[in-house]
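Novice: Let me begin by handing over the structure; questions about it come next.
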Amino acid sequence: MKDGKRSLKVGLTKYMLLLVAVVIFAFFAIASPVFASVNNIMNIVNSTAITAMLGIGMTIVMQTGQMDLSVGAEATIAAAVVGKVLEGPSFNNYFLAVLIGLGAALAVGILNAFFVVKIGIPSFIGTIAMSTFINGFIKITTGNRYMFSQYWPKSFTFLGQTRVFNVIPVPVIVLVIVGILTIVMQDRTKIGRYINSVGMSPAACRNVGINVDRIVVVAYLMCAVIAGFGGIVLSSEVKTVSPTLGSDLLMTVFAAVMMGATFYRPGRYNLQGTIVSALLLSIISNGTITLGTSDFVDDLVQGIVIVVAVGFISMTQKGGLPSVKFNK
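Going by my numbering, the sequence shown opens with residue 131, and the numbers climb by one from there.
Have a look at this one:
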């Protein structure tokens, strides 16, 4: 009997966030007949894709005990570089432009890693500073205007606007691929196990010969590439690049990562939790819009859900939520 109650408690703790998502989805489906339509469900998972991709990148860094609050800027600079490279009539190779854009995001990741690992700047401060610098740089170079060009090739919108079988958005497929690859990396590879171990006990990792600094650097680089690709997909979807394209999503992404630590592996940042959290936040956002409420209601409901979810895990887990380093 006790074992049964214990198993039920463990199950509720691990999957409470998913249960909350199902309940909220059911509420909106009852409140609005449009909400549960196939087209709207695809809209929900489509909006989930970008948040989840940026969240996956951030999660990987936070698993090492560090932070990366520049994921939005990495997304923006990658998209902006792609748009800039393709804005003239003489170059229309979208694939090559994407590689160049990812290179720009990777450069930001390298700088983040350098500041945090080599110089010793606290990751919270270093990545916020990098985000601010990148956002300012983009606003200056674009004149703080939206980027769009008549010379952008048709392939520019493939990643964001194409629907497989006229139903499934390509961003969702991209998320599935990125999610599977990163989860397999997290659970089945040496680097994935090292990333988690470094976050839990860097001193112990050093004692057994793991190069902690190298693992942190790898995490920052992976984060930058994934976030950059997320930004490219988003710009493809909206067919424009705003100076704050990715930065506008930062708080939502951060909330998804934090809430994700309440799911599947409670008390630890994990990719599965980040994806489910991103889905929950998209359900709330879409549902409030479907009901015709204001953005303030969306913010209010999301805030309540975040507090309840994080409060739940803080009360039920002895260690509470995982911590990140605010100093070296």
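Built from N, CA and C at the ideal position, the CB exists for glycine as well. Here the structure is a predicted model, which means the values were calculated and not measured.
Rounding to the nearest angstrom, what Cα-Cα distance links Thr-374 and Met-260 in this structure?
Specialist: Distance between the alpha carbons of Thr-374 and Met-260: 14 Å.
Novice: Going straight from the alpha carbon of Ile-340 to that of Leu-147, what length do you get?
Specialist: Near 34 Å, if we compare the C-alpha coordinates of Leu-147 and Ile-340.
Novice: Can you list the alpha helix (DSSP H) stretches of 4 or more residues lying completely in the segment 359-394, in chain order?
Specialist: Listed in chain order, they are 380-390.
Novice: Based on Cα-Cα distance, which residue from Leu-410, Gly-322, Ser-200 lies nearest to Leu-149?
Specialist: Cα-wise, what sits closest to Leu-149 is Leu-410.
Novice: From Ala-439 to Asn-169, what does the alpha carbon distance come to, in whole angstroms?
Specialist: Distance between the alpha carbons of Ala-439 and Asn-169: 29 Å.
Novice: Tell me the start and end of each unbroken alpha helix (DSSP H) in the segment 269-321 that is at least 4 residues and wholly inside, in chain order.
Specialist: List check, alpha helix (DSSP H) in window: 288-291, 300-318.
Novice: Is Thr-374 a contact residue of the ligand HEM, with contact defined as CB to any heavy atom under 7 Å?
Specialist: The model on display carries no ligand, and the ligand HEM is accordingly not part of it.
Novice: DSSP three-state label for Gln-193, please.
Specialist: Residue state, collapsed to three classes: coil.
Novice: Assuming Val-304 and Ala-208 are in contact, meaning their beta carbons sit under 8 Å apart, how far apart are those beta carbons, in whole angstroms?
Specialist: That belief does not hold up - the Cβ atoms of Val-304 and Ala-208 are roughly 14 Å apart, past 8 Å.
Novice: Going residue by residue through the segment 147-224, where are the continuous beta strand (DSSP E) segments of at least 3 residues, counting only ones entirely within it?
Specialist: You should have found no qualifying run.
Novice: For the alpha helix (DSSP H) that contains Gly-417, what are its first and last residues?
Specialist: Residues 401-420.
Novice: In terms of alpha-carbon separation, which member of Gly-329, Ile-356, Thr-382 lies closest to Ala-234?
Specialist: Among Gly-329, Ile-356, Thr-382, the Cα nearest to that of Ala-234 belongs to Ile-356.
Novice: Just to confirm, is the Cβ distance from Pro-299 to Asn-416 under 8 Å?
Specialist: Against a cut-off of 8 Å, the Cβ pair of Asn-416 and Pro-299 comes out as no contact.
Novice: Going straight from the alpha carbon of Thr-319 to that of Asn-326, what length do you get?
Specialist: Thr-319 and Asn-326: Cα-Cα distance of roughly 11 Å.
Novice: Helix, strand or coil for Gly-433, going by three-state DSSP, please let me know.
Specialist: Correct three-state label for Gly-433: helix.
Novice: Taking its Cβ as the centre, do 16 or more other Cβ atoms sit within 10 Å of Val-314, making it buried, or is it exposed?
Specialist: Result: exposed.
Novice: Since Pro-396 is in the alpha helix (DSSP H), which residue starts that stretch and which ends it?
Specialist: No alpha helix (DSSP H) contains Pro-396, which DSSP labels as neither H nor E.
Novice: So is Thr-271 buried or exposed if we call it buried at 16+ other beta carbons inside 10 Å?
Specialist: When all chains shown are included, Thr-271 counts as exposed.
Novice: So, with DSSP's three-state summary, where would you put Gly-441?
Specialist: Helix, per DSSP.
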